[in-house]
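Read the structure below first, then the notes.
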Amino acid sequence: MPYIPLEWLREHVDVPSGTTAEQLAADLVRVGLEEERIVPPAVTGPLVVGRVLTLESKEQSNGKVINYCRVDVGPEHNDAPGTGKEPSDLPSRGIVCGAHNFGVGDSVVVSLPGAVLPGDFAISARKTYGHISDGMICSARELGIGEDHDGIIVLDQWLAEQGRDGEEPPAPGTDALPLLGLGQEVLEINVTPDRGYCFSMRGVAREYSHATGAAFTDPADGANAGLYPQGVAPAGPEGFPVVIEDEAPIHGRPGCDRYVARVVRGIDPAAPSPAWMQERLTAAGMRPISLAVDVTNYVMLDLGQPLHAFDLAKLTAPVVVRRARPGESLTFLDEATRDLDPEDLVITDSTGGRGARPLVLAGVFGGAAAEVDETTTDLLIEAAHFDPVSVARSARRHRLPTESSKRNERGVDPALPPVAAQRAVDLLVEYGGGTAEPTATDLDRTAPPEPLLIRADAAQRLTGVAYGTPRVTELLEMIGCTVRPAGTDEEGRELLAVTPPTWRPDLVGAAHLAEEVARLDGYDSIPVIIPTAPAGSGLTARQRACREVVRALAGAGLTQVLTYPFIGDIHDRLEIPEGDPRRRAAALANPLAEDAPLLRTSVLDSLVEAARRNASRGLPDLAIYELGAVTRPAGTVPAPIPGVEHRPSPEQIEALEAGIPAQPTHIAAVLAGQAQAAGVLGAGRPWDWADAVEVVRTVARTLGVGVEAGAPVEPVAPWHPGRTAELRLPATRRGKELQAGPVVAHAGELHPRVVRTLGLPARTCAVEIDLEPLLAAAEAAGALQVAPVSTFPAAKEDIALVVEEPVPAAAVEAVVRQAAGDLAEEVRLFDVFRGPQLGEGRKSLAFSLVLRAADRTLTAEETAAVRKRVVKRAAKALGAELRS
Numbered sequence: 001m002p003y004i005p006l007e008w009l010r011e012h013v014d015v016p017s018g019t020t021a022e023q024l025a026a027d028l029v030r031v032g033l034e035e036e037r038i039v040p041p042a043v044t045g046p047l048v049v050g051r052v053l054t055l056e057s058k059e060q061s062n063g064k065v066i067n068y069c070r071v072d073v074g075p076e077h078n079d080a081p082g083t084g085k086e087p088s089d090l091p092s093r094g095i096v097c098g099a100h101n102f103g104v105g106d107s108v109v110v111s112l113p114g115a116v117l118p119g120d121f122a123i124s125a126r127k128t129y130g131h132i133s134d135g136m137i138c139s140a141r142e143l144g145i146g147e148d149h150d151g152i153i154v155l156d157q158w159l160a161e162q163g164r165d166g167e168e169p170p171a172p173g174t175d176a177l178p179l180l181g182l183g184q185e186v187l188e189i190n191v192t193p194d195r196g197y198c199f200s201m202r203g204v205a206r207e208y209s210h211a212t213g214a215a216f217t218d219p220a221d222g223a224n225a226g227l228y229p230q231g232v233a234p235a236g237p238e239g240f241p242v243v244i245e246d247e248a249p250i251h252g253r254p255g256c257d258r259y260v261a262r263v264v265r266g267i268d269p270a271a272p273s274p275a276w277m278q279e280r281l282t283a284a285g286m287r288p289i290s291l292a293v294d295v296t297n298y299v300m301l302d303l304g305q306p307l308h309a310f311d312l313a314k315l316t317a318p319v320v321v322r323r324a325r326p327g328e329s330l331t332f333l334d335e336a337t338r339d340l341d342p343e344d345l346v347i348t349d350s351t352g353g354r355g356a357r358p359l360v361l362a363g364v365f366g367g368a369a370a371e372v373d374e375t376t377t378d379l380l381i382e383a384a385h386f387d388p389v390s391v392a393r394s395a396r397r398h399r400l401p402t403e404s405s406k407r408n409e410r411g412v413d414p415a416l417p418p419v420a421a422q423r424a425v426d427l428l429v430e431y432g433g434g435t436a437e438p439t440a441t442d443l444d445r446t447a448p449p450e451p452l453l454i455r456a457d458a459a460q461r462l463t464g465v466a467y468g469t470p471r472v473t474e475l476l477e478m479i480g481c482t483v484r485p486a487g488t489d490e491e492g493r494e495l496l497a498v499t500p501p502t503w504r505p506d507l508v509g510a511a512h513l514a515e516e517v518a519r520l521d522g523y524d525s526i527p528v529i530i531p532t533a534p535a536g537s538g539l540t541a542r543q544r545a546c547r548e549v550v551r552a553l554a555g556a557g558l559t560q561v562l563t564y565p566f567i568g569d570i571h572d573r574l575e576i577p578e579g580d581p582r583r584r585a586a587a588l589a590n591p592l593a594e595d596a597p598l599l600r601t602s603v604l605d606s607l608v609e610a611a612r613r614n615a616s617r618g619l620p621d622l623a624i625y626e627l628g629a630v631t632r633p634a635g636t637v638p639a640p641i642p643g644v645e646h647r648p649s650p651e652q653i654e655a656l657e658a659g660i661p662a663q664p665t666h667i668a669a670v671l672a673g674q675a676q677a678a679g680v681l682g683a684g685r686p687w688d689w690a691d692a693v694e695v696v697r698t699v700a701r702t703l704g705v706g707v708e709a710g711a712p713v714e715p716v717a718p719w720h721p722g723r724t725a726e727l728r729l730p731a732t733r734r735g736k737e738l739q740a741g742p743v744v745a746h747a748g749e750l751h752p753r754v755v756r757t758l759g760l761p762a763r764t765c766a767v768e769i770d771l772e773p774l775l776a777a778a779e780a781a782g783a784l785q786v787a788p789v790s791t792f793p794a795a796k797e798d799i800a801l802v803v804e805e806p807v808p809a810a811a812v813e814a815v816v817r818q819a820a821g822d823l824a825e826e827v828r829l830f831d832v833f834r835g836p837q838l839g840e841g842r843k844s845l846a847f848s849l850v851l852r853a854a855d856r857t858l859t860a861e862e863t864a865a866v867r868k869r870v871v872k873r874a875a876k877a878l879g880a881e882l883r884s
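Heads up, the final residue of the sequence shown is numbered 884 in UniProt numbering, and it's a clean run with no missing numbers.
Below, the structure is given as structure tokens:
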């Protein structure tokens, strides 16, 4: 995020004296630039001007020579008599210093005890080399305003370097923070991706002007700013030769549509960057390096145009802008060599042939081959306009989010390159002693912005505020647009032709312009209206049913979780066999993680990972569930993606909907460890397969739907083949035949191998429920019919039926319920018995029946008739016998 030093901002806009970073943040947030943070001053506490009164050099036993100085730091800070410090005939402070580039009478910068320098370096009085050093005489590096650490700052020399020849240093005791440009707060702002022009002082100053009405001077307008009294250098064939070759434009856009090159010769390679520039770069979060690099960085931060400086002696003309060739690589300034992609745009020279040697990843990062170093005297300055999409892709492909790429990928003003290049050339000539070649290279293939035809009331339609055409025109012209009347539409509504400025590539439609009108007029002027909910709105029956299911499972003691629907190799770990429909998962075109490129086909796919994570972190006792969508792509026909030029046709919308995979709603649960912990009241109880089956019954019961449990015909992964239940909707009768209902769930223990693979507790149970058939059955059944509570007494009957081992208990229970009819208030299986007296392969199922009539007390004959009917039908349907 960009840093905004107040003093730098004042160069372009009238910021009132005394404005704080907090006030600046409040002004900018009104136009949509939010405060990220306020960076405190790099130096705090007393930092004053001092004058050296005496200097005594002493060589130490280690051979080091130190200076003990008496320094006048002003009446307020000098040692007072009787303080117990080292005596002196002169009002001063004693300070030990190891530098030797100063003498008696020089004015220096002194940090007194209580000051804190960059790096959280606190200054205090301490005894060293046999003296009490009551402060510190500072160097540029210690104050964070330069790299010079060999000597301290001598203010006479420092003022001369600032171009302030003849100016006397301030009196001892004067606050040195304003003198050095230190002690100021810096505002860091958050810039949204559509407003890349605010990654510059030029852009932020313009927005501050919009927010406060302060006078703004565009630094890119030489006539207004006075930066270029002679104007920008003209382009001509005498400029440095540059060729643009783009054989693979992305989405039809050229990778580079403007390239400006300027040559500066005879620069002093030892010339330092001016202190004011170093201070501004440091305040903006950049480290000063050298004059050439600092100038390009400074102009980028000031105007928003990234620049690049080449060592001209290392170039072979012409420079060629092209796409990378297969197999090419580039060694960057960070000394890393990276393979280039054919979509990468590169800047090359003609060493080894025209455009043969890549030098720079265009708009992103420079290479080492033509790097500016300590011997460079001749420079080629590049200022270009690159395609934002190309730069963004290259920066992400190579993981190089540089200051240059941040600006280029958001869109830079295509009118800036010649202005920014001229500004860099002027600074290099002024501070480096160079000579600029009078002719520039400017390959300009840019097109002016096209006017947008909008309704004059477009902003009113979106915000509800009646701005009026004059106010809309005023606000759009404020941001640099050209606005002219464009007649009326077919319905007589006023139209405007609005041409956006070159620095606003984000303004491409009526909605964008309406947003600008609302932003500049003030979002607080938009009335707050609570929308009225239309009649009949609210949750649908399906939504209410799903919420009831969620509440029921939570009430049963399970914990709801939400997992990401993205999966990887989980089907292998769950041992889902090849050919299983669950193996056919939709692949993501741009997955969030490389190891999870697919969409889940069952909720259990992602839920077991949540269970595994809990178990691995010491929480083996868990009962979790999730309600969510799964993706089943079978039968999906891929649809073409329509463009954005116009609204899709009904046929296109229908094709898009047909191309969306089926996404049924499922519920899954994982039960592991102990259901009840052991304690003084009794032994614990682990979760088992019956609890998993009960989860399904709870869901069905909540929806008012019955389910029948039975063993699956074939093993179903990832469950245990002998401890799994298959649950179906009740069978329906078609003519004389019963037709089995659809399978809605599987519940039971997970296969031991799966449990070990996932690292779950032994005998972990799991459930997967397809909620769609249950919801459909609930909808078909309609509203629940609640019968009145009978006030007549109940009659009880216990019946034990002997059946063959393969006959499921659910089938016997269904026959019992059917035979008992409306009199059956409750049918409950309470005992299963196997023994030699029954015969091999047979079992006894004992059911408890609670019988009650709504209008009378049942007689003994009626209950006996029910018993007889149950035995008869069970014998006919299942071959059951009454156990004697």
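In this text, a Cβ means the ideal position worked out from N, Cα and C, and glycines have one as well.
Reduced DSSP secondary structure (H/G/I, E/B, other) of residue i
| i | result |
| --- | --- |
| ALA211 | helix |
| THR282 | helix |
| SER329 | strand |
| ALA223 | Only weak support is given to the placement of ALA223: the predicted model assigns it a pLDDT of 43, under 50, and the value that follows is read from those uncertain coordinates. Reduced to three states, the DSSP call for ALA223 is helix. |
| ARG484 | strand |
| LYS796 | strand |
| ILE529 | coil |
| LYS406 | helix |
| GLU243 | A small correction: the amino acid at residue 243 is Val; Glu does not occupy that position in the sequence shown. If DSSP states are grouped into helix, strand and coil, VAL243 belongs with the strands. |
| GLY418 | Per the sequence presented here, residue 418 reads as Pro, with Gly not at that position. Looking at PRO418 - three-state DSSP - the assignment turns out to be helix. |
| LYS127 | strand |
| residue 891 | Summary: the structure shown does not reach residue 891, with the chain confined to residues 1 through 884, and so no result is reported for it. |
| ARG265 | strand |
| HIS385 | strand |
| CYS546 | helix |
| GLU805 | coil |
| THR469 | helix |
| LEU476 | helix |
Cβ separation of residue i and residue j, assumed to be a contact under 8 Å, to the nearest whole Å
| i | j | result |
| --- | --- | --- |
| PRO234 | THR439 | 7 Å |
| VAL802 | LEU774 | Rounded, the Cβ-Cβ distance is 33 Å, inconsistent with contact. |
| GLY45 | GLY114 | 5 Å |
Length of the line joining the Cα atoms of residue i and residue j
| i | j | result |
| --- | --- | --- |
| ALA586 | GLU578 | 16 Å |
| LEU750 | ALA459 | 60 Å |
| TYR523 | LEU33 | 13 Å |
| ARG869 | LEU823 | 12 Å |
| GLU645 | LEU507 | 16 Å |
| VAL191 | LEU361 | 25 Å |
| ILE799 | ALA814 | 14 Å |
| VAL116 | GLY103 | 26 Å |
| LYS872 | VAL866 | 10 Å |
| GLY741 | GLU726 | 11 Å |
| ASP341 | ALA317 | 24 Å |
Those residues which DSSP pairs with residue i across a bridge
| i | result |
| --- | --- |
| LEU177 | In DSSP, LEU177 forms no bridge with anything. |
| GLN739 | THR732 |
| ALA675 | Paired residue(s): none; ALA675 is not in a bridge. |
| TRP719 | LEU750 |
Spell out a yes or no on whether the segment 344 to 352 and the segment 313 to 332 are touching, meaning 3 or more CB-CB pairs, one atom from each, closer than 8 Å.
Under the three-pair Cβ rule at 8 Å, the segment 344 to 352 counts as touching the segment 313 to 332.
If contact is defined by three or more beta carbon pairs under 8 Å, each pair taking one atom from either stretch, is the segment 434 to 452 in contact with the segment 296 to 313?
Segment contact: the segment 296 to 313 against the segment 434 to 452, fewer than three CB-CB distances shorter than 8 Å; contact not assigned.
Within 8 Å, do at least three Cβ pairs link the segment 552 to 563 to the segment 524 to 544?
Touching, no, given that fewer than three Cβ pairs across the two stretches are closer than 8 Å.
At a cut of 8 Å, does the segment 403 to 421 reach the segment 438 to 452 through at least three beta carbon pairs?
Here the segment 403 to 421 lies against the segment 438 to 452, with 3 or more beta-carbon pairs under 8 Å apart.
Stretch-stretch touch, CB-based, cutoff 8 Å, three pairs: the segment 663 to 680 with the segment 592 to 609:
Touching, yes, given that three or more Cβ pairs across the two stretches are closer than 8 Å.
Are at least three pairs of beta-carbons, each pair with one atom in the segment 262 to 280 and one in the segment 361 to 378, less than 8 Å apart?
Touching, yes.
Indicate whether the contact test is met: 3 or more Cβ pairs, each with one atom in the segment 282 to 300 and one in the segment 459 to 471, closer than 8 Å.
Judged by Cβ distances under 8 Å, the segment 282 to 300 makes no contact with the segment 459 to 471, as fewer than three pairs qualify.
Stretch pair the segment 669 to 683 + the segment 615 to 635: three plus CB contacts closer than 8 Å:
Touching, yes, given that three or more Cβ pairs across the two stretches are closer than 8 Å.
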